[in-house]
Every structure is written in C-alpha cells, then in structure tokens.
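Trainee: Heads up, the sequence shown is in numbering that gives the first Met the number 0, so the first residue is 0 and it goes up one at a time. Here's a structure for you.
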Amino acid sequence: MSASKLDAVYRSILITKFFTKGWGKPENLRRLFEFRKVVSNRDECFKLVEKDYPVTITKEQNLSDCRLLEGYFVTPLEKHLPGIVPEIAQKAHFQMLLPIHWPEPTCKPVCLHLAGTGDHYFWRRRNLMVKPLLKEAGIGGIILENPFYGLRKPTDQVRSSLHNVSDIFVMGGCLILESLVLFHWCERNGLGPLGVTGLSMGGHMASLAATNWPKPLVLVPCLSWSTASAVFLQGVMSHSINWDLLEDQYLSDGSYREKLSKMVTIVDEAFLAGKKFAQTYSQNMENLLQKNTPEIIKQVTIDPAYPNLDITYKESSVVSNKFGEPNDSKNEGKRKEEKVDELVKSFAQKENLNDELKVLLDEKKISQSLYNKLTSNKKFELDSQDIDIINKLTENRIREALLKCNTNIDTKLEASQQLSPQNSEEKYTPHSDLSSANRESVNIVTKSEGTTAESTKTESNQNKGLIELKSKPERKSWNVSDLTSDLWVNLPFMKSSGKKIDIGKIHWRDREALQFMRGIMDECTHLSNFSVPYDTSLIIAVCAKHDAYVPREDVGALEEIWPGAEVRYVDAGHVSAYILHQSLFRACIKEAFERSKKRWQDGKHIE
C-alpha cells in the first residue's frame with residue numbers, strides 16, 4: 000500500500016528531533032529490559048499496583064454540561080525502579096469529565112485517553128474526544144498527562160523532543176502502571192465498564208496498558224500497530240533521529256554491543272521472512288512459467304555463494320546481429336543454449352573447486368580456517384599466513400581455478416603495490432559485490448625469477464608464486480560535464496549533509512546500530528512480548544491504509560497477535576486521518592462500549 004505524501008511533507012516541516020542525547024545510560028536500559036519481563040506478564044504486573052493505591056483529588060467542579068475533577072498520584076514506576084523517572088515526571092496529573100446525570104445509574108462507562116506524540120496538557124483530547132463522547136453517548140473520560148509532556152516535561156527538554164531512547168521506555172512503563180492505578184480508582188468509586196484509547200503513540204500505549212488488566216476492558220487503539228520499531232526505523236519519524244550520534248555511542252561504549260544487545264530480540268525477522276517466501280514463491284513460479292522462453296531443461300545446481308544469480312533468459316521482441324539485421328530463430332536458440340551451457344559449466348567448476356579444496360584440507364595442505372574462508376559466501380579476510388599457504392600450493396588445477404576467480408578487495412594500499420607473505424602483515428577483505436567500480440581486483444598469479452611470461456605456466460615454477468595486487472583503472476574520456484558537475488556539487492544548497500547514515504537509503508539490517516534499535520524497540524514495545532488482553536472481542540483497532548508514520552510491512556499483524564480483535568481501515572494517511580476521521584474514532588469507541596454494556600450487570604461484567 001502506498002504511503003501518504005502528506006505525512007512525509009508534514010513531518011519534514013517539523014523541527015522536533017528525537018533522542019538528541021543518545022541511547023540513555025546503559026544501566027538504565029538494562030533495568031528497563033529486566034522490568035519489561037515483569038510487566039509483560041499480566042499476573043505479575045497486576046501485583047505491582049495495590050487496589051487502594053492513593054490518589055489525590057485537587058479540584059472538583061460542576062460545569063454547565065459536565066462534572067470536572069482534577070488530581071494526581073505518584074507514579075508506581077518510581078517505587079519499583081527508583082531514580083529512573085525524572086523528578087518532575089514522577090507526579091502523574093490527570094483530568095476527569097463525568098456526566099452530571101448518568102443515563103443508566105447502574106452503568107457508568109469511563110474511558111481513559113492517552114496522549115499521542117506532541118499532545119501536551121489536556122485541552123486537545125478534552126475538546127476532540129472526551130466532551131463529544133460525553134455528549135453523544137454519556138461516556139465519561141479520564142485524560143492522563145504523559146511523562147515528559149506538559150506538566151511532567153523536564154525543564155531542559157524542548158517541546159516533545161525526548162532526550163534519550165530510554166525515555167520512550169520509561170514513558171511506556173509509567174503509563175502501564177498508572178493506567179492500573181486509575182482503573183482501580185474507578186472501581187472503588189463505582190464506575191464501569193472501563194476502556195482505554197489513544198491516537199498514534201497514545202494508541203500503542205493504550206494497547207500496552209490493556210494487556211495487564213485482568214478483566215474485560217474496551218480497547219480502541221487508533222493509528223497504531225503492533226510495535227514501535229517500524230515507526231522509528233521505517234516511517235517518516237526515522238528522519239527525525241540523529242543516527243550518526245546513536246551509532247557513535249553504540250560503537251564507542253562496549254556496554255551496548257557486548258551486554259545490552261544480547262538482552263533483546265528482533266521479534267518478526269525469521270517468521271516474516273518465511274511467511275513472505277511462502278506468499279511469493281508460488282506467484283513467482285507461475286510468472287516464470289508464463290514467459291515465452293525456449294524449453295531448455297537442464298539440471299543446474301545453484302551454488303549458495305550466488306543466491307541472487309538470475310539465470311532466467313528474457314527474449315527481446317527484435318534481436319539483431321552486428322550488422323543490424325534480424326537473426327533467425329535457429330541462431331537465437333543456439334546462442335541461448337550456449338549461454339546456458341556456460342552457466343552449467345561455471346557452476347560445475349565452482350563445485351569441483353570446493354571438492355578439490357576439501358581434498359587439500361584432508362591432506363593438511365591448507366588449514367581449516369582457510370578452507371572455511373574460501374568456501375564461504377560471506378566476507379572474509381586473508382592474513383599473511385593464509386597467503387603463504389596459497390602460494391605454496393603445487394596443484395596446478397587449484398591455482399588455475401583461483402586465478403579465474405574475480406575476487407574483489409577493499410584496500411587502502413596503492414594499486415600497484417606487490418606483497419609477499421614473508422614481509423606483509425596486511426589483511427585483505429574480499430567482497431562478493433562483483434559490480435563495484437571503487438574496488439580493485441586481486442588475481443593470484445605465478446612468477447619465477449628469470450623466466451618469461453610463458454614459462455610461468457609450467458608446473459615446475461608453481462611453488463614460487465606470489466600474490467600480486469593489480470589495479471585496472473577504467474579509461475575515461477574528459478568532457479565539459481566533469482567541470483560543470485564539480486561546480487554544481489560545490490554550491491551551498493547542493494552539498495551533502497555529511498551524514499554517515501542516510502536512513503532513507505539503507506535498510507535497518509545494514510548497520511549494527513540500527514539492528515540494535517530494532518531489537519530494543521521490539522523488546523519493549525512489541526505486543527507479542529506482552530499478555531493477550533483478557534477479552535479481545537472488545538478490541539476495535541482503527542488504522543490508516545496509507546500511514547507513513549506507522550508502517551505495517553515487515554511486522555506482525557494485530558489480528559494474528561490478538562485473535563478475535565477487529566481491525567478497521569480508513570482510506571487516508573496518518574495526518575489526514577487524524578484531522579478528518581475523529582468522528583470515526585469516537586464511533587468505534589461507542590460501539591465497543593455497547594458490546595461491553597451487554598455483559599455488564601449490577602456493577603460488574605458477567606461471563
């Protein structure tokens with residue numbers, strides 16, 4: 000599904016940046032990861048908040064159309080993780096609106112509204128959601144101030160710009176426990192049935208809060224999904240993060256790589272890879288069979304070193320020879336058969352080379368580590384000892400096979416430098432990308448003193464081989480565009496930003512720091528890491544089809560994580576859905592409460 004361009008434009012004009020100070024203290028992250036294992040279990044989490052947890056009401060006022068209450072309480076997270084919540088955020092402020100007269104004295108529905116990104120104080124949720132629901136359906140509302148927002152915002156924080164990645168987990172931990180406090184308080188005051196909702200980030204926080212209430216609870220998450228990892232790594236919000244800063248911190252402090260990275264798990268990676276293969280395999284095979292290609296049936300074994308090799312030949316509508324005249328079909332078919340024969344032969348040579356290397360390993364002519372490197376399809380390094388072993392090989396067929404291997408190397412040495420294994424400690428890093436124009440080619444060649452080029456082919460001189468680094472620069476004619484291109488790129492508005500990580504051009508799997516971000520986000524926010532809500536039939540999720548803030552690709556589906564939950568879609572992006580579909584969000588809340596009322600009797604739910 001295409002992403003909304005409005006979402007991208009809107010995000011680009013906002014100056015808010017996230018995680019400007021980095022990951023947060025490693026010790027705080029460690030404590031949060033361990034605490035996540037507690038709050039993800041409903042039975043254990045429910046014990047963390049007492050039923051009579053103290054709540055202070057500071058204001059009570061009867062208005063013309065409703066009853067207004069304001070209050071606060073100390074966040075329970077400070078009790079269980081002392082010092083992790085900033086002092087100003089430890090006091091949880093809330094506002095409550097109730098009808099002056101309940102339509103049904105035995106049924107007093109109340110919904111908790113959690114804030115989305117940038118939703119400071121109470122006025123926005125009060126006017127857009129709580130008051131209309133109170134007027135239209137007699138549903139009371141509680142508006143809870145998020146940690147790091149509004150009255151709970153640290154003095155040195157600018158707008159909604161959380162300083163550390165750990166702050167988003169502190170916020171989530173606070174809201175999970177604070178929601179339990181308010182649910183208990185509502186029950187003590189005879190209110191119910193209860194529900195929770197929120198938009199965007201508030202929707203996801205509402206989902207997390209609902210997992211730990213051991214009774215039927217209305218849940219209507221709007222414009223959210225199953226995890227926050229896609230939001231920060233694939234959505235438009237990813238461009239608001241200083242990835243260079245995060246990578247520098249990650250690589251410079253061993254605590255992140257050596258300890259914390261082992262505490263987190265990327266949830267959807269293996270499962271979705273298999274699922275995507277299963278979904279696309281049959282379709283790809285069908286498309287392949289429908290192509291008008293000659294019927295050339297050969298048994299070809301694809302070597303794992305070339306997983307992306309495409310051996311499917313495509314016929315062009317007109318095939319011409321070197322004189323521009325169309326070739327006849329007989330010559331065309333013959334040429335294609337020759338190409339296939341060449342492929343088969345190359346695969347066979349590769350397979351034979353692996354067999355020969357195995358023989359050399361058994362004869363102890365090469366080391367186990369060198370064998371693993373040469374037969375691996377991954378990037379590896381050849382040290383001086385490996386080079387020495389290769390140069391001492393006398394098997395002519397092995398050397399010829401290695402000579403034909405186009406192995407790319409990433410090196411900073413001069414292209415013409417010649418290395419010998421006796422005096423070189425340099426390490427070579429071959430790469431599998433054969434098309435790179437910026438890498439130099441390393442060929443294993445043989446040399447012998449006082450011999451001609453022809454004599455180097457004889458077996459008698461094979462044992463004096465050296466590895467020679469050869470540069471093959473491509474000749475390039477000069478033209479005026481070389482000058483003009485330099486002029487353009489040096490203009491101030493054309494210069495590169497200098498970023499090492501351009502999140503719009505790379506995948507999160509390509510950098511270790513991005514993998515760590517995916518892992519910690521999944522660990523602390525993925526709904527599959529938490530208990531399934533008590534009654535999923537009371538869940539109605541509302542999503543935007545073209546949401547560029549909350550991508551749904553490559554992450555688990557809500558219906559699969561919570562069987563029985565209902566997911567509805569609006570034909571809009573994130574921003575347009577927020578602006579245009581508030582009435583739809585309220586309609587879903589009312590519908591979910593109507594379902595809950597059918598099971599509500601004498602102040603409690605009946606099974």
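Ideal Cβ positions, reconstructed from N, Cα and C, are used throughout, including at glycine. Because the structure is a prediction, the values reported are computed rather than measured.
Leaving out five residues before and five after residue 574 in sequence, what residues of the same chain have Cβ atoms less than 6 angstroms from its Cβ?
Mentor: As a working mapping, residue 574 is identified with position 575 in the sequence shown. Taken in chain order, the residues that qualify are 5, 6, 9.
Trainee: For residue 587, is the beta carbon positioned less than 7 angstroms from some heavy atom of the ligand COA?
Mentor: Within the structure as shown, the ligand COA is missing, as the structure has no ligands at all.
Trainee: By the three-class DSSP mapping on this structure, what secondary structure does residue 510 have?
Mentor: The sequence position of residue 510 within the sequence shown is 511, counting from 1. Note: residue 510 maps to coil in three-state DSSP.
Trainee: For residue 375, is the classification buried or exposed, using 16 other Cβ atoms within 10 angstroms of its Cβ as the cut-off for buried?
Mentor: Stepping through the sequence shown from its first residue, residue 375 is reached at position 376. Its Cβ having fewer than 16 others within 10 Å, residue 375 is exposed.
Trainee: Taking residue 97 as the reference, which of 14, 129, 73, 81 has the closest Cα?
Mentor: Working through the sequence shown from its first residue, we reach residue 97 at position 98. Measuring from the Cα of residue 97, the nearest candidate turns out to be 129.
Trainee: Who are the Cβ neighbours of residue 576 in its own chain at under 7 angstroms, not counting the five residues just before and after it?
Mentor: Start at 1 with the first residue of the sequence shown, and residue 576 comes out as number 577. Here the set comprises 222, 543, 569.
Trainee: Cβ of residue 607 within 8 angstroms of Cβ of residue 27?
Mentor: Any question about residue 607 goes unanswered here, given that the chain covers just 0 to 606.
Trainee: Taking the CB atoms as reference points, tell me whether residue 589 and residue 59 lie closer together than 8 angstroms.
Mentor: Within the sequence shown, residue 589 is the residue found at index 590, counting from 1. Within the sequence shown, residue 59 is the residue found at index 60, counting from 1. For residue 589 and residue 59, no; Cβs fall outside 8 angstroms.
Trainee: When we look at the beta-carbon of residue 578 and count the other beta-carbons within 10 Å, is it buried (16 or more) or exposed?
Mentor: If you number the sequence shown from 1, residue 578 lands on position 579. Residue 578 comes out exposed.
Trainee: Between the Cα of residue 522 and those of 194, 178, 261, spot the shortest distance and give me the residue it belongs to.
Mentor: Here the question's residue 522 lines up with position 523 in the sequence shown. Among 194, 178, 261, the Cα nearest to that of residue 522 is on 261.
Trainee: Identify, in the order they occur along the chain, each residue of the same chain with its Cβ nearer than 7 angstroms to the Cβ of residue 163, setting aside the five sequence neighbours on each side.
Mentor: By one-based count along the sequence shown, residue 163 stands at place 164. Cβ within range, chain order: 18, 20, 21, 22, 23.
Trainee: For residue 547 versus residue 564, is the C-beta spacing smaller than 8 angstroms?
Mentor: Residue mapping note: residue 547 aligns to position 548 of the sequence shown, counting from 1. Residue mapping note: residue 564 aligns to position 565 of the sequence shown, counting from 1. Not a contact, by the Cβ cut-off of 8 angstroms.
Trainee: Ignore the nearest five residues each way along the sequence and tell me which others in residue 34's own chain have a CB closer than 8 angstroms to its CB.
Mentor: Taking the sequence shown and counting its residues from 1, the one referred to as residue 34 is at position 35. Once the five neighbours on either side are set aside, the close Cβ partners of residue 34 are 79, 80, 172.
Trainee: Output needed for residue 353: all residues of its chain with C-beta closer than 7 angstroms, excluding positions within five of it in sequence on either side, in chain order.
Mentor: Here residue 353 refers to the residue found at position 354 of the sequence shown. Contacts found: 374.
Trainee: On the DSSP bridge list, what partners appear for residue 603?
Mentor: One-based indexing of the sequence shown puts residue 603 at position 604. DSSP output for residue 603 lists 600 as bridge partner(s).
Trainee: What separation, rounded to the nearest whole angstrom, lies between the Cα atoms of residue 367 and residue 360?
Mentor: Along the sequence shown, one-based indexing puts residue 367 at 368. Along the sequence shown, one-based indexing puts residue 360 at 361. Roughly 7 angstroms between the two C-alpha positions.
Trainee: I'd like the span of the beta strand (DSSP E) that includes residue 141, first residue to last.
Mentor: The sequence position of residue 141 within the sequence shown is 142, counting from 1. Per DSSP, residue 141 belongs to the beta strand (DSSP E) from 139-143.
Trainee: Counting only runs of 3+ residues fully inside the stretch 64-152, write out the beta strand (DSSP E) ranges in chain order.
Mentor: Qualifying beta strand (DSSP E) stretches, in chain order: 66-73, 90-97, 109-113, 139-143.
Trainee: Which word fits residue 600, buried or exposed, when buried means at least 16 other C-beta atoms lie within 10 angstroms of its C-beta?
Mentor: Within the sequence shown, residue 600 is the residue found at index 601, counting from 1. When all chains shown are included, residue 600 counts as exposed.
Trainee: With distances taken from CA atoms, which of 41, 115, 188 is nearest residue 106?
Mentor: Position 107 of the sequence shown holds residue 106. Of the candidates 41, 115, 188, the one whose C-alpha sits nearest the C-alpha of residue 106 is 188.
Trainee: Can you find at least 3 beta carbon pairs, one from the stretch 45-62 and one from the stretch 115-129, that sit closer than 8 angstroms?
Mentor: At 8 angstroms Cβ cutoff, the stretches do not touch.
Trainee: Between which residues of its own chain and residue 259 is the CB-CB distance below 8 angstroms, once the five residues before and five after are set aside?
Mentor: Against the sequence shown, residue 259 aligns to sequence position 260. For residue 259, where only same-chain residues beyond five positions count, the Cβ hits under 8 angstroms are 25, 28, 29, 32, 515, 519.
Trainee: When you compare the CB positions of residue 181 and residue 74, do they come within less than 8 angstroms of one another, or not?
Mentor: Here residue 181 is taken as the residue at index 182 of the sequence shown, counted from 1. Here residue 74 is taken as the residue at index 75 of the sequence shown, counted from 1. Their beta carbons are not under 8 angstroms apart, which means residue 181 does not touch residue 74 by this criterion.
Trainee: Opposite residue 543 in the DSSP bridges: which residues?
Mentor: In the sequence shown, counting from the first residue as 1, residue 543 sits at position 544. Residue 543 is bridged to 569.
Trainee: Our contact map puts residue 215 next to residue 203 with C-beta atoms below 8 angstroms; I'd like the distance itself, whole angstroms only.
Mentor: The sequence position of residue 215 within the sequence shown is 216, counting from 1. The sequence position of residue 203 within the sequence shown is 204, counting from 1. In fact, because the Cβ distance is near 21 angstroms, the residues do not count as touching under 8 angstroms.
Trainee: Quick one: what does DSSP say residue 220 is sitting in, helix, strand or coil?
Mentor: To locate residue 220, count along the sequence shown from 1; it is residue 221. Looking at residue 220 - three-state DSSP - the assignment turns out to be strand.
Trainee: Identify, in the order they occur along the chain, each residue of the same chain with its Cβ nearer than 8 angstroms to the Cβ of residue 584, setting aside the five sequence neighbours on each side.
Mentor: Taking the first residue of the sequence shown as position 1, residue 584 is located at position 585. So the list reads 128, 196, 198, 219, 221, 541, once near-sequence residues are dropped.
Trainee: Label residue 140 either buried or exposed according to how many other C-beta atoms from any shown protein chain fall within 10 Å of its C-beta, with 16 as the threshold for buried.
Mentor: If you number the sequence shown from 1, residue 140 lands on position 141. Buried, by the Cβ-count rule.
Trainee: Quick one, are the C-beta atoms of residue 607 and residue 208 less than 8 angstroms apart?
Mentor: Nothing can be reported for residue 607: it is not among the residues displayed for the chain, which extend from 0 to 606.
Trainee: Looking only at C-alpha atoms, which of 217, 249, 581 sits nearest to residue 131?
Mentor: Translated into the one-based positions of the sequence shown, residue 131 becomes position 132. Residue 131 has its Cα closest to that of 581, out of 217, 249, 581.
Trainee: To the nearest angstrom, report how far apart residue 190 and residue 211 are at their CA atoms.
Mentor: Here residue 190 refers to the residue found at position 191 when the sequence shown is read from its first residue. Here residue 211 refers to the residue found at position 212 when the sequence shown is read from its first residue. Their Cα atoms are separated by approximately 19 angstroms.
Trainee: Once DSSP output is grouped into helix, strand and coil, what is the label at residue 60?
Mentor: The count along the sequence shown starts at 1 and reaches residue 60 at position 61. If DSSP states are grouped into helix, strand and coil, residue 60 belongs with the strands.
Trainee: Just to confirm, is the Cβ distance from residue 554 to residue 228 under 8 angstroms?
Mentor: Locating residue 554 in the sequence shown gives position 555, where the first residue counts as 1. Locating residue 228 in the sequence shown gives position 229, where the first residue counts as 1. Yes; because the gap between Cβ atoms is below 8 angstroms, this pair is in contact.
Trainee: Between which two residues does the beta strand (DSSP E) holding residue 555 run?
Mentor: For the purposes of this step, residue 555 is taken as residue 556 along the sequence shown, with counting starting at 1. Run containing residue 555: none; DSSP gives neither H nor E here.
Trainee: Considering residue 196, what are the terminal residues of the beta strand (DSSP E) in which it resides?
Mentor: Position 197 of the sequence shown, counting from 1, holds the residue named residue 196. From DSSP, the beta strand (DSSP E) with residue 196 extends over 193-198.
Trainee: What's the C-alpha gap between residue 169 and residue 102?
Mentor: What you label residue 169 is simply residue 170 of the sequence shown in a count that begins at 1. What you label residue 102 is simply residue 103 of the sequence shown in a count that begins at 1. Roughly 39 angstroms between the two C-alpha positions.
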